[in-house]
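Okay, so here's the structure we're looking at.
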Amino acid sequence: MVRRILVATTNLGKRREILSILREYEVEVLFPEEDLKVEEGSCSFLENAYLKAKAYYEVYKIPTLAEDSGLVVPSLDGYPGVYSSRFYNLEWGGKEEPKEGKDKANINKLLRLMEGKQDRRAYYVAFAVLFLEDGGLWSEGRCYGTILQEPVGEGGFGYDPIFQPEGFQKSMAQLSMEEKNLISHRGKALRRIMQMLK
Ligand code: ITT
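If you count the sequence shown from 1, position 72 lands on 74 in the working numbering, and the numbers rise without skipping.
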């Protein structure tokens, strides 16, 4: 019986959403106080999630949930993909100064690279790993949509102001957190993993 879960992420946007998604389950959610600075060198979301969960489990010995996620744009050969959080700083596509923060720099670079592209389809993907004493579980969640011409909305984090989810005439950043969690890659991946745990 798993009563406590350590959520291994340093991203505050993710923390808020994960806390809200896990509210419906009977588990206590804990966050680590320290940042273990796990190297996410793999080009696989699943492997990166596994490495994060394992590193924190080895220190805290509490069932540990980690998630690696990103935005995949097929017309950009799948970029930003696993590089989503540091896309602005990647040589590929040219670097962008993070003058107004990393999220804004990532958005500016993506919009620059999308100029003139007809195909603006994209999807968010999240791989979640729950590291347990006697094994583990993993799951994947996706959320399909398109890249807008310019940022709209103040909610969410990351690329949300330029991502319009399928079936909505709003950006992800214009949805409430509850609305986002119902359709998001993270919501789907986490609910799947909690279902398996049951
Ligand atoms: P942790 O490794 O500590 O969890 P991180 O931000 O580095 O934090 P990732 O390596 O998984 O996490 O990178 C995910 C990036 O993908 C994130 O920084 C955003 O740029 C983007 N992203 C993922 N989910 C998103 C969402 O729901 N909304 C907007 N952007 C998202």
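A virtual CB, placed ideally from N, CA and C, is assigned to each residue, including glycine.
Asked                                                                                                                                                                      : Found
To which residues does DSSP link glutamine 166 through a beta bridge?                                                                                                      : Thr148
Check this for me: beta carbons of methionine 196 and tyrosine 27, under 8 Å apart or not?                                                                                 : yes
Would you say lysine 111 and glutamate 98 are within 8 Å of each other, going by their C-beta atoms?                                                                       : yes
Once you ignore the five residues that flank serine 186 on each side, which residues in its own chain have a CB closer than 6 Å to its CB?                                 : Cys145
Determine the direct distance from the alpha carbon of glycine 155 to that of glycine 15, and round the result to whole angstroms.                                         : 15 Å
Listed in chain order, which residues are found with a beta carbon closer than 5 Å to a heavy atom of the ligand ITT?                                                      : Thr11, Thr12, Asn13, Asp70, Ser71, Gly72, Ser86, Ser87, Gly160, Tyr161, Asp162
Spatial neighbours of tyrosine 126 within its chain, please: CB distance less than 6 Å, with the 5 preceding and 5 following residues excluded, ordered by chain position. : Leu73, Cys145, His187
Report the option in Ile64, Ser46, Glu142 whose CA atom is closest to the CA atom of methionine 198.                                                                       : Glu142
In terms of DSSP beta bridges, what is alanine 175 paired with?                                                                                                            : In the DSSP output, where bridge partners are listed per residue, alanine 175 has none listed.
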